[in-house]
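Here the sequence shown is numbered in our numbering, starting from 4 and rising by one per residue.
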Amino acid sequence: MDSTTITEIIAYTLPSLITGGVAYLLFNSHFKDQQNTRRWLLQKDNQTATLPLRLQAYERMTLFMERINPSQLLVRIAPLSDDKNDYRNFVIAQVEQEFEHNLAQQIYISDECWSIIVTAKNATIQMVRLAAKNEKVTDANSLRETILSDLLEKPSPSSAALAFIKDEVGQLW
């Protein structure tokens, strides 16, 4: 092969390779763009269907936080007897029952929000248990008074969770 043949081969091959490379890059970016557009449209359609479900989940969790707020809980749940331990167990059972009723809502809310809700529930239960261990508490009514007086000194555990829920719902818009 002489040098003119090699030059001719390179002269024909090089532009073809460059054109092929450019075409590959253009088609590749076009297909990726089309795939992203389809994904975005699918996500947009799903969002219109799931947004009402997510909002309903946040509403239910807000209601749950309000219902386990000790100031609301103790007014709603009257003692069945004077025994403080019976009342403590009854209140804790009510909180757990409310929680179990709303367990499925965790599918629609963020993991961080769910963990804050679980923490608020556990802190409320712990508040009731600690108040029942107080030596000054002798009966169910004094247990109620002790828990409510503790709330005057510090905010309820559910108030922080409510604030987080409101912030997260605000981010949905």
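C-beta: ideal position from N, C-alpha, C; glycine also.
- [ ] Find out if the Cβ-Cβ distance for the pair I150, A134 is shorter than 8 Å.
- [x] Sequence index remark: in the sequence shown, residue 150 carries index 147 (1-based). Sequence index remark: in the sequence shown, residue 134 carries index 131 (1-based). Taking a C-beta distance under 8 Å as the contact criterion, I150 and A134 qualify as a contact pair.
Open item on the list: Report the start-end ranges of each alpha helix (DSSP H) in the segment 76 to 146 that is 4 residues or longer and not cut off at the edges.
Closed with: Those alpha helix (DSSP H) runs which fall completely within the segment 76 to 146 and span 4+ residues are 87 to 104, 114 to 136.
Open item on the list: Check for me: the alpha helix (DSSP H) holding P158 runs from which residue to which?
Closed with: The residue given as residue 158 occupies position 155 in the sequence shown. Boundaries for P158: no alpha helix (DSSP H) harbours it, and the DSSP string shows neither H nor E there.
Task: T65 versus I168: straight-line alpha-carbon distance, rounded - done: Position 62 of the sequence shown holds residue 65. Position 165 of the sequence shown holds residue 168. C-alpha separation (whole angstroms): 7 Å.
Task: Neighbourhood of I128 by C-beta, 7 Å cutoff - its chain only, sequence neighbours within 5 removed - done: Here residue 128 refers to the residue found at position 125 when the sequence shown is read from its first residue. Closer than 7 Å at the Cβ level, and outside the excluded window around I128, lie I95, V98.
TODO: Counting only the same chain and skipping the five closest in sequence on each side, list residues whose C-beta sits under 8 Å from that of R63.
DONE: The residue you call residue 63 lines up with position 60 of the sequence shown. Within the same chain, R63 has close Cβ partners N105, Q108.
Task: Coarse secondary structure for L39, derived from DSSP in three states - done: The residue you call residue 39 lines up with position 36 of the sequence shown. Note on identity: in this sequence residue 39 is Asn, with Leu being the wrong assignment. Residue state, collapsed to three classes: helix.
Open item on the list: Using a Cβ-Cβ distance cut-off of 8 Å, determine whether L151 contacts chain C.
Closed with: No chain C is present in this structure, which holds just one protein chain.
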